[in-house]
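Note sheet for the following structure.
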Amino acid sequence: MMNEKKIGINSNSVIVAKPGIVLEVETDNWGILFNPETDFSFGINPVSVFIWKQMETGHRLQDLVKKVVENCTNVPDGVEEDVTQFIETLLEKELAIMEST
Amino acid sequence: MHKEEVYEKIDVKNDYPLESIYFYLTEGCNLACRHCWLSPKHQDEKKVYPTLSIELFKSILEQAAPLGLTAVKITGGEPLMHPEIHELLRIVKEGNIDLTVETNGVLCTSELAEEIALCKGSSVSVSLDGADAETHEWVRGISGCFEAAIEGIRNLVNAGIKPQIILTVMRHNKSQIEPLVHLAETLEAESVKFNLVQPTGRGEKLNDCGETLSLEELLELGQWINNTLSGSTKLRIHYDVPPAFRPMSSMFGKKGDGCSKCGILKIIGVLANGNYALCGIGEHIPELVFGHASKDRLDDVWKKNKVLCELRDGIPSRLEGICGRCHMKRMCSASCIAQNYYRSKNLWEPYWFCKDAYERGLFPKTRISPKIG
Numbered sequence: 237m238m239n240e241k242k243i244g245i246n247s248n249s250v251i252v253a254k255p256g257i258v259l260e261v262e263t264d265n266w267g268i269l270f271n272p273e274t275d276f277s278f279g280i281n282p283v284s285v286f287i288w289k290q291m292e293t294g295h296r297l298q299d300l301v302k303k304v305v306e307n308c309t310n311v312p313d314g315v316e317e318d319v320t321q322f323i324e325t326l327l328e329k330e331l332a333i334m335e336s337t
Numbered sequence: 002m003h004k005e006e007v008y009e010k011i012d013v014k015n016d017y018p019l020e021s022i023y024f025y026l027t028e029g030c031n032l033a034c035r036h037c038w039l040s041p042k043h044q045d046e047k048k049v050y051p052t053l054s055i056e057l058f059k060s061i062l063e064q065a066a067p068l069g070l071t072a073v074k075i076t077g078g079e080p081l082m083h084p085e086i087h088e089l090l091r092i093v094k095e096g097n098i099d100l101t102v103e104t105n106g107v108l109c110t111s112e113l114a115e116e117i118a119l120c121k122g123s124s125v126s127v128s129l130d131g132a133d134a135e136t137h138e139w140v141r142g143i144s145g146c147f148e149a150a151i152e153g154i155r156n157l158v159n160a161g162i163k164p165q166i167i168l169t170v171m172r173h174n175k176s177q178i179e180p181l182v183h184l185a186e187t188l189e190a191e192s193v194k195f196n197l198v199q200p201t202g203r204g205e206k207l208n209d210c211g212e213t214l215s216l217e218e219l220l221e222l223g224q225w226i227n228n229t230l231s232g233s234t235k236l237r238i239h240y241d242v243p244p245a246f247r248p249m250s251s252m253f254g255k256k257g258d259g260c261s262k263c264g265i266l267k268i269i270g271v272l273a274n275g276n277y278a279l280c281g282i283g284e285h286i287p288e289l290v291f292g293h294a295s296k297d298r299l300d301d302v303w304k305k306n307k308v309l310c311e312l313r314d315g316i317p318s319r320l321e322g323i324c325g326r327c328h329m330k331r332m333c334s335a336s337c338i339a340q341n342y343y344r345s346k347n348l349w350e351p352y353w354f355c356k357d358a359y360e361r362g363l364f365p366k367t368r369i370s371p372k373i374g
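Top to bottom, those sequences are chains A and B. Heads up: the first sequence is residues 237 to 337, going by this note's numbering. Heads up: the second sequence is residues 2 to 374, going by this note's numbering.
Shown next, in the form of C-alpha cells:
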C-alpha cells in the first residue's frame, strides 16, 4: 500500500510531467531531464525514462506502478515504493506536477 | 562565545565543511616523469629539497578538525620520501582521519605499507605507466623504478591494502593498457585508472612534441576501454574523462563507479613550504596561494579567502563556455578549476578537453543544455 501521508499524493492525484521540461534519451536508454527555467538537469535510468513518458499524458500513481509491472522486466517486489520515491523526487525537484481530480 | 559567533560557525561548517586537505609533502621527487603537471624538482643523494614540517602538519590538522576535516591526502612530489613519514602516518592514525596516499610506490617498504594500513580508511594509488620496465622507466625517467614500484605494490597488498594502479595514457604507452590490466590482476590490485595527460607543467611539453594522444584517439580509446576492456576483467576500470563523456549507466547504474569529481569546494591544499593553496597548482600560480600555515589561521583562510569565496559563489553558475552549458556541470564543476586557471588565468574557463571537443563537434549533444546549445 502506498504511503499517502508521507508523500502527500492521494489516490486521485494525477502526476503530470511539468510542461517545458525537456527529456534527452541517450543510446543506452538512460535520460536527462532538463528544466530550462531553472537550468537544472537530472539524470534518470531507463525505467524512469519509461515512467516519465507515461507522465506526459498524466497518470495516477497506481496506474504508473501498474504500467511498470506490465511493461518492464525483472520488476522487484518493492516496485511501488521505488516508483513512489521517484515521483516524490520529481515533485520535489519541480520536474513534475500533481493535479487533483 | 556570543550567539552570533556560534551561528556563523554552524553556517560555514554546514555549507562548506573543509572535508579534506591535500598535503603536497615534498618539493622534490625521486622520479622525473615526462608528464607531471606539478613538475617537482628531482631529488637524489646530492640534492635535497624542502619538506613540510611535522609541526605545521600537526598544527594544520588541529585547526582543521573544527572546520569539518575527515580526510587527508598525502601526495608530492613523492610523499613517502618525506624524512618523517613514519611520524606523519602516526599523527594521521591517532587523529582517526581517513588517509589517501598518492605515490610512485618506489619507497613503499613493508613497514610503511603496514603503517598506512593502520590508518583509518586508507587507500593508496600507485602510478605504473607501463606493464614493463622499459616503458614505465621511459615515462618516469629513472632506471630501476619499475621493479621498485612493483615491490611497493606487493608490500601494500601483503599489508592488506589493494591499491589502485594509475597509468597516464600517452602515445608511448598506449599499447601497454591491456597488459597493465593483466599485471594489475596478477598483483591483486583493487582497480586500474587511466588518466589523461594534463597539458600543464611537463605535460604541456609532452603535448607540444606530439607524445599525447589526439582528442579523437582519446575518445576512441575510451570507447574500447569502457565497452571491451572493462568486460574482460574483474578489476574495476576507470577511464578518467569528464562525466559528460561517460555513459550514465557506467556512473550511476548498479555496477557504476560514481562520478569522480574534484572536491574543490571542500578541500584545501598545503604545499611543502607550508603555503595554503587551492591545490598543488599553487606551486606555479602565486595568486592561488592563500597564506602560510606559520602565520595565517586556517579558519581565516578557509572562511575569508577571496578566491575560495568566489568559487563558492560561482560554481556552477559562473562557469563559461561549454562547461556552463553542460548538463553535468553540478557534479563536474568544470573538471579541474586549477588546470583551467593555469591555462587562461580565468577561474571560469571551460576544461580544455571539453572545450576542444565542443569546438570540433565531438561533445555529446545530449549533454548540452538545449536552452543555450
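Where a beta carbon is used, it is the ideal one built from N, C-alpha and C, also for glycine. All figures in this text were calculated on a predicted structure; none of them were measured in a lab.
Through-space distance from B:Ala134 to B:Cys146, alpha-carbon basis: Here residue 146 of chain B refers to the residue found at position 145 of the second sequence. Here residue 134 of chain B refers to the residue found at position 133 of the second sequence. So the two alpha carbons sit approximately 8 Å from each other.
Residue range of the alpha helix (DSSP H) that includes B:Arg313: Looking up residue 313 of chain B in the second sequence gives position 312. From DSSP, the alpha helix (DSSP H) with B:Arg313 extends over Lys307 to Gly315.
Residues of the stretch 214-245 of chain B whose Cβ lies closer than 9 Å to any Cβ of chain E, in chain order: As a matter of chain content, chain E is missing from the structure shown, whose protein chains are A and B.
Nearest neighbour of B:Gly69, chosen from B:Thr52, B:Arg35 and B:Asp16 [CA to CA]: Indexing the second sequence from 1 puts residue 69 of chain B at position 68. Ranking B:Thr52, B:Arg35 and B:Asp16 by Cα distance to B:Gly69 puts B:Asp16 first.
Simplified DSSP state of A:Ala253, which is helix, strand or coil: Here the question's residue 253 of chain A lines up with position 17 in the first sequence. Three-state DSSP puts A:Ala253 in a strand.
Chain-ordered chain B contacts of A:Ile268 [CB-CB under 7 Å]: As a working mapping, residue 268 of chain A is identified with position 32 in the first sequence. Simply His328 and Thr367.
Reference A:Asn281, options B:Met252, B:Leu299 and B:Gly29, closest by Cα: On the first sequence, position 45 is the one that residue 281 of chain A refers to. The residue with the shortest Cα to Cα distance from A:Asn281 is B:Met252.
Neighbourhood of B:Gln165 by C-beta distance below 8 Å, restricted to the same chain and skipping five residues each side: Along the second sequence, one-based indexing puts residue 165 of chain B at 164. Ser124, Val125, Ser126, Val127, Ala190, Glu191, Ser192, Val193 and Lys194, listed in sequence order.
Coil, strand or helix - B:Asn105 by DSSP: Here the question's residue 105 of chain B lines up with position 104 in the second sequence. Three-state DSSP puts B:Asn105 in coil, outside helix and strand.
B:Gly264 versus A:Thr337 - alpha carbon distance: Position 263 of the second sequence, counted from the first residue, corresponds to residue 264 of chain B. Position 101 of the first sequence, counted from the first residue, corresponds to residue 337 of chain A. C-alpha separation (whole angstroms): 46 Å.
C-alpha gap between B:Leu26 and B:His285, whole angstroms: On the second sequence, residue 26 of chain B is found 25 positions in, with the first residue counted as 1. On the second sequence, residue 285 of chain B is found 284 positions in, with the first residue counted as 1. Each residue's alpha carbon lies about 16 Å from the other.
Cβ-based burial, B:Val93 [other Cβ within 10 Å; buried from 16]: Stepping through the second sequence from its first residue, residue 93 of chain B is reached at position 92. Its Cβ being crowded by 16 or more others within 10 Å, B:Val93 is buried.
Cα-Cα separation between B:Ala118 and B:Ile55, rounded to whole angstroms: If you number the second sequence from 1, residue 118 of chain B lands on position 117. If you number the second sequence from 1, residue 55 of chain B lands on position 54. Distance between the alpha carbons of B:Ala118 and B:Ile55: 20 Å.
Beta-carbon proximity list for B:Leu207, same chain, < 7 Å, skipping 5 on both sides: If you number the second sequence from 1, residue 207 of chain B lands on position 206. Here the set comprises Arg35, His36, Met171, Val198 and Thr213.
Boundaries (first-last residue) of the alpha helix (DSSP H) holding B:Tyr352: Mapped onto the second sequence, residue 352 of chain B falls at position 351. Where B:Tyr352 is concerned, there is no enclosing alpha helix (DSSP H), given that its DSSP letter is neither H nor E.
Start and end residues, beta strand (DSSP E) containing B:His293: Counted from its first residue, the second sequence places residue 293 of chain B at position 292. It spans Val290 to His293 - the beta strand (DSSP E) in which B:His293 sits, taken as one unbroken run.
Spatial distance of B:Pro44 from B:Arg368 (CA atoms): Stepping through the second sequence from its first residue, residue 44 of chain B is reached at position 43. Stepping through the second sequence from its first residue, residue 368 of chain B is reached at position 367. The question names Pro, but residue 44 of chain B is Gln in the sequence shown. Those two C-alpha atoms are separated by around 44 Å.
Cβ contact (3+ pairs, closer than 8 Å) linking the stretch 221-237 of chain B and the stretch 316-326 of chain A: no
Within-8 Å CB hit, A:Glu262 to chain B: Here the question's residue 262 of chain A lines up with position 26 in the first sequence. Yes, A:Glu262 lies at the interface with chain B (some Cβ there is under 8 Å from its Cβ).
Cut-off 7 Å between Cβ atoms - residues of its own chain near B:Leu186, not counting five sequence neighbours on either side: Locating residue 186 of chain B in the second sequence gives position 185, where the first residue counts as 1. The amino acid at residue 186 of chain B is misidentified as Leu; the sequence shows Glu. Closer than 7 Å at Cβ, skipping near neighbours: Thr234 and Leu236.
Alpha-carbon to alpha-carbon, B:Lys356 and B:Thr201: Against the second sequence, residue 201 of chain B aligns to sequence position 200. Against the second sequence, residue 356 of chain B aligns to sequence position 355. Looking at the two C-alpha atoms, the distance is approximately 16 Å.
Cβ neighbours of B:Val242 in the same chain (closer than 6 Å, five flanking residues each side left out): Numbered from its first residue, the second sequence carries residue 242 of chain B at position 241. Only Gly223 meet the Cβ criterion.
Secondary structure of A:Phe270, DSSP reduced to three states: Counting from 1 along the first sequence, the entry for residue 270 of chain A is found at position 34. The answer is strand: DSSP assigns A:Phe270 an E or B state.
Beta-carbon proximity list for B:His3, same chain, < 7 Å, skipping 5 on both sides: Position 2 of the second sequence holds residue 3 of chain B. With a pLDDT of 42 at B:His3, under the threshold of 50, the modelled position of this residue cannot be trusted; read the value that follows with caution. If we look at B:His3 and ignore the five residues flanking it on each side, it has no Cβ neighbours.
Candidates B:Leu219, B:Ala33 and B:Arg313, of which the one nearest B:Ile178 by Cα: In the second sequence, counting from the first residue as 1, residue 178 of chain B sits at position 177. When each option's Cα is compared against that of B:Ile178, the closest is B:Leu219.
Contact set between B:Met249 and chain A, taken where Cβ atoms lie within less than 9 Å: By one-based count along the second sequence, residue 249 of chain B stands at place 248. Going along chain A in sequence order, the residues near B:Met249 (Cβ under 9 Å) are Glu262, Asp264, Trp266, Gly267, Ile268, Gly279, Ile280 and Asn281.
Rounded straight-line distance, which links the Cα of B:Asn196 to that of B:Glu205: Residue 205 of chain B sits at position 204 when you count from the first residue of the second sequence. Residue 196 of chain B sits at position 195 when you count from the first residue of the second sequence. So the two alpha carbons sit approximately 15 Å from each other.
Chain-ordered chain A contacts of B:Gln58 [CB-CB under 7 Å]: What you label residue 58 of chain B is simply residue 57 of the second sequence in a count that begins at 1. As written in the sequence, residue 58 of chain B is Phe, which differs from the Gln given in the question. Residues of chain A passing the Cβ test: none, with the nearest at roughly 40 Å.
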